[in-house]
Each structure stands twice: as structure tokens, then as C-alpha cells.
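Heads up, the sequence shown is in the numbering used here, so the first residue is 21 and it goes up one at a time. Backbone N, C-alpha and C define an ideal beta-carbon position, used for all residues, glycine too.
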Amino acid sequence: MTTDVFGIIEEMLADIKSADLSDSDSLEQFRRKYLGTKNQVNVLFKEIRNVPNERKKEFGQQVNSIKLEAELKFNQAKSEIEREESKKAVNDLDMSAPAGNEFVGSRHPVSIVMNRLIEVFERIGFTVAEEREIEDDWHNFSAMNTPEDHPARDMQDTFYLKNSVTNLLRTHTSSVQARVMTTQKPPIRIIAPGRVYRNETISARSHCQFHQIEGLYIDENVSFADMKQTLLYFAKEVYGPQTDIRLRPSYFPFTEPSAEMDVWMGTDTETAKKLTKGTGWLEVLGCGMVDPNVLENCGIDSEKYSGFAFGIGIERSAMQKYDISDIRLLFENDSRFLKQFSSVI
Ligand code: DAH
21 MTTDVFGIIE EMLADIKSAD LSDSDSLEQF RRKYLGTKNQ VNVLFKEIRN
71 VPNERKKEFG QQVNSIKLEA ELKFNQAKSE IEREESKKAV NDLDMSAPAG
121 NEFVGSRHPV SIVMNRLIEV FERIGFTVAE EREIEDDWHN FSAMNTPEDH
171 PARDMQDTFY LKNSVTNLLR THTSSVQARV MTTQKPPIRI IAPGRVYRNE
221 TISARSHCQF HQIEGLYIDE NVSFADMKQT LLYFAKEVYG PQTDIRLRPS
271 YFPFTEPSAE MDVWMGTDTE TAKKLTKGTG WLEVLGCGMV DPNVLENCGI
321 DSEKYSGFAF GIGIERSAMQ KYDISDIRLL FENDSRFLKQ FSSVI
């Protein structure tokens with residue numbers, strides 16, 4: 021009996037070594053025979069009670085080696101079959117078939133417009149300053165000469181952080197002016213692109229989040245004429261070399277004098293008429309000479325330095341440029357909407 025058992029072991033090992041496992045059927049048969057729940061190796065193990073004590077250890081080792089051999093053989097054969105199958109799959113590929121419509125992603129229209137404006141200002145020496153979206157009351161309002169009782173501070177307009185009367189989501193990128201002026205010395209020439217938040221009812225025309233680009237130029241002897249020339253350059257770059265601008269007197273707490281800039285779109289086309297409500301002029305940005313109070317609040321000598329600032333809303337330009345009628349589309353990230361911009365950089 022004992023010799024029989026050892027003989028069987030040898031036979032099994034030989035069988036394993038010589039097994040032809042070149043297709044998945046024979047592989048499966050082999051698996052059942054040596055590795056499945058009812059495999060023959062386990063049956064053999066039961067024979068241990070018939071093995072004399074002094075050979076039990078040797079017997080155990082040999083049976084284990086059958087298992088190991090079988091596993092090795094199985095794994096090798098399996099990977100070989102898989103390799104062959106994937107080779108075959110590649111060979112079966114129809115290389116002349118038209119490629120599928122892979123969607124490779126696209127830039128968001130807001131980013132496209134933002135990058136374009138950044139590029140225009142960088143060319144004349146402005147550098148990008150990026151700052152926090154969670155601001156404090158001082159940088160967003162007080163430093164910017166916005167009185168305590170100004171309606172913009174009202175809970176209606178501003179998102180305050182929970183349990184806080186000082187921390188808020190910035191309502192404009194003008195807060196970056198205060199951040200930069202308190203940490204850098206003039207000359208200062210920055211643009212600050214970024215997201216801003218206002219507690220407004222969401223509709224096709226307005227949203228509780230949107231984007232702005234802030235501009236700030238501080239140096240000795242900076243004049244209103246410098247600002248006008250800079251903004252004219254910007255308008256011609258963005259709207260074309262023939263573009264005319266006009267500055268309308270306006271009011272912002274942080275600038276004196278303040279203005280709003282319109283660009284001339286004309287009244288020739290229906291789109292221009294619609295966009296400008298029939299006037300031909302499209303409002304593009306707010307601007308002005310930095311109020312001396314703002315300079316002083318931020319520790320800059322207003323006797324020595326002067327400067328101008330401006331703030332441009334991005335969404336409106338993007339909507340106008342790509343004929344988007346509902347601002348909410350810009351925030352939903354619906355791929356059917358975004359895909360339309362895949363050919364634009
Ligand atoms: N912060 C203003 C707003 O959100 C925009 C603005 C106007 C910014 C005039 C300026 C400026 O820097 O000078 O409506």
C-alpha cells in the first residue's frame with residue numbers, strides 16, 4: 021500500500037509535468053483535477069493513515085509538492101493562454117476602421133475668456149495675484165473704504181461664514197487690492213482673476229457665484245489719463261482695433277473719481293442692438309482712481325503715490341462671446357454644454 025501511494029505521487033507529478041494545457045478546456049480539466057474542491061490531491065492526503073509513521077513526514081512533503089507543481093503549471097499555462105488571446109485580439113483589430121469619437125475635454129468658456137484677458141494685461145507688465153476666496157470683513161469692505169452701513173455689507177448680499185460676523189466669501193476681487201497693498205510696496209501692477217460670491221437669487225441673468233478680474237496700478241504720478249489709455253488698449257485688444265470706449269461718471273466707495281467703461285458695439289446688427297439695449301454701448305467694467313483713504317488704510321502714502329483700479333465681470337463677456345443665454349449653464353458642468361467648446365483653446 022505504502023509503495024503504491026508513493027508510486028501514485030510519482031505518476032501524478034509526471035502527469036502534471038507532461039500535461040498539455042494549451043487551450044482553456046484542458047486548463048479547466050486540469051484545474052478540477054488538481055486544484056478544484058474535489059481534487060485528487062486531497063483524496064491522496066487521506067491515505068496518510070496508511071503510511072508508516074517514519075515516512076509520514078516525507079509523504080506530507082511530497083503531496084504538498086504535487087500541489088505546488090500543479091499551481092505553478094496552472095498559472096503558467098493560464099497566463100500563456102491569456103497572452104495568446106490578447107495577441108489574437110490585436111491581430112483581429114480592423115486597423116482601417118474609423119476611430120471612435122473620443123472626447124478629450126475642453127476649456128470652460130469662463131477660463132477661455134479669463135485667460136485671454138490675463139494675456140492682454142500681462143503683455144503690458146501686469147502680473148497675476150491670486151488670493152483667498154474666504155475673506156475677512158476688513159479686506160473685503162473696511163480697507164476698501166466701504167462704510168459700516170453700506171448696503172453691500174448687508175446679509176442680503178454677503179455670505180457670512182457660519183457663526184462669524186467677520187469672515188465671509190469675498191463679494192468682489194477688490195479684496196485682493198487690500199491684500200496686495202498691505203504686503204507689497206509700490207510700484208504695484210497686478211491683475212487678480214478669481215471667483216466671487218453674492219447672496220443673490222439665481223436666475224438666467226444672475227448667479228450667487230461668478231468671476232471677476234481686478235486690476236490695480238499704483239506708482240508715483242499715476243493719472244486718470246494713464247488709466248484711460250490702459251483701458252483703451254485693453255478694449256482694442258479684446259474687441260478689435262477700431263473699438264471706441266467711453267467713460268461714464270459713476271460711484272464706487274474705493275475710487276474717486278469713479279467711472280464705468282462702455283465699448284461701442286454699434287447698432288448695425290440685431291445682436292449688437294439686443295446686447296446694448298439699443299444704445300450701441302456695452303458696459304464692460306468699473307474703474308477709477310484709487311481713493312486716498314484706501315491707500316492710507318493699506319499703509320501707502322497717498323501724498324506720494326496715486327493709482328487706478330478696475331474690475332471686469334467675466335461671465336457677461338463669455339455669454340456675449342459665445343451667445344449663451346442663461347448664466348446657469350456656466351455652472352452646471354453639463355458635458356453636452358461643455359463639449360461645444362472643445363475646438364477653442
Ligand atoms: N468691485 C466692483 C464690483 O464688484 C468692481 C470695481 C469697480 C472694481 C471699480 C474696481 C473699481 O477696482 O475701481 O462691482
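### Task
Note down the Cα distance separating Glu335 from Glu102, rounded to an integer number of angstroms.
53 Å
### Message
Please tell me whether Glu220 and Ser226 are closer than 8 Å, where the distance is taken between their beta carbons.
### Response
yes
### Task
Buried or exposed for Gly286, please, with buried defined as at least 16 other CB atoms from any protein chain shown within 10 angstroms of its CB.
exposed
#### Entry: Straight-line Cα distance separating Ala119 from Met201
54 Å
### Task
May I ask whether a heavy atom of the ligand DAH can be found less than 7 Å away from the beta carbon of Cys307?
yes
### Query
Does any heavy atom of the ligand DAH sit closer than 7 Å to the C-beta of Ala329?
yes
### Message
Which residue marks the beginning of the alpha helix (DSSP H) containing Ala198, and which one marks its end?
### Response
195 to 201
### Message
With the cut-off set at 8 Å, would you say Leu295 and Leu302 are in Cβ contact?
### Response
yes
### Inter-residue spacing [alpha-carbon to alpha-carbon] between Val61 and Leu113
42 Å
### Task
Put Asp177 into one of helix, strand or coil per three-state DSSP.
coil
### Message
Can you confirm whether the stretch 151 to 163 touches the stretch 307 to 326 when touching is taken to mean that 3 or more C-beta pairs between the two stretches lie within less than 8 Å?
### Response
yes
### Query
Can you give the Cα-Cα distance for Leu252 and Ser116, rounded to whole angstroms?
54 Å
#### Entry: For Gln262 and Val310, the rounded distance between their alpha carbons
29 Å
### Message
Given the structure, does Glu234 come close to the ligand DAH, in the sense that its CB is under 7 Å from one of the ligand's heavy atoms?
### Response
yes
### Message
The beta strand (DSSP E) that contains Tyr217, what's its start and end?
### Response
208 to 217
### Query
Between the stretch 87 to 102 and the stretch 21 to 36, do at least 3 Cβ pairs fall closer than 8 Å?
yes
### Task
Below 6 Å CB to CB, which residues in the same chain sit around Pro312 once its five sequence neighbours on both sides are set aside?
Ser322
### Query
Would you say His192 touches the ligand DAH, meaning its beta carbon is less than 7 Å from a heavy atom?
yes
### Query
Around the C-beta of Lys171, are 16 or more other C-beta atoms found within 10 angstroms, so that it is buried, or is it exposed?
Reading the sequence as shown, one finds Pro at residue 171 and not Lys. The residue is exposed, with fewer than 16 neighbouring Cβ atoms inside 10 Å.
### Message
Looking at Thr166: is its Cβ nearer than 8 Å to the Cβ of Gly331?
### Response
no
### Task
Could you spell out the range, first to last residue, of the beta strand (DSSP E) harbouring Val124?
Unbroken run through Val124: none, as it is neither H nor E.
### Task
Would you mind sorting Asp282 into buried or exposed? The rule is 16 or more other CB atoms within 10 Å of its CB.
buried
### Query
So, Pro213 versus Met164, is the Cβ gap smaller than 8 Å?
no
### Query
What distance in whole Å lies between the Cβ atoms of Ala198 and Thr275, which are believed to be in contact at a cut-off of 8 Å?
Actually they are not in contact, since the Cβ atoms of Thr275 and Ala198 sit about 14 Å apart, beyond 8 Å.
### Span of the alpha helix (DSSP H), counted from its first residue to its last, around Thr291
290 to 295
### Query
If you compare alpha carbons, which of Ser243, Ser337, Gln204 is closest to Thr147?
Gln204
### Query
Any heavy atom of the ligand DAH within a distance shorter than 7 Å of the CB on Phe272?
yes
#### Entry: Nearest-angstrom Cβ-Cβ length linking Gln229 and Phe351, presumed shorter than 8 Å
7 Å
### Message
Between which two residues does the alpha helix (DSSP H) holding Gly80 run?
### Response
73 to 112
### Query
Residue range of the alpha helix (DSSP H) that Val258 falls in?
244 to 259
### Query
Roughly how many angstroms separate the alpha carbons of Ala245 and Gly298, rounded to a whole number?
29 Å
### Task
Could you give the DSSP three-state label for Gln204: helix, strand or coil?
coil
### Message
Between Ser106 and the ligand DAH, is there a pair consisting of the residue's CB and a ligand heavy atom that are separated by less than 7 Å?
### Response
no
### Task
Could you tell me if the beta carbon of Ser278 falls within a distance shorter than 7 Å of some heavy atom in the ligand DAH?
yes
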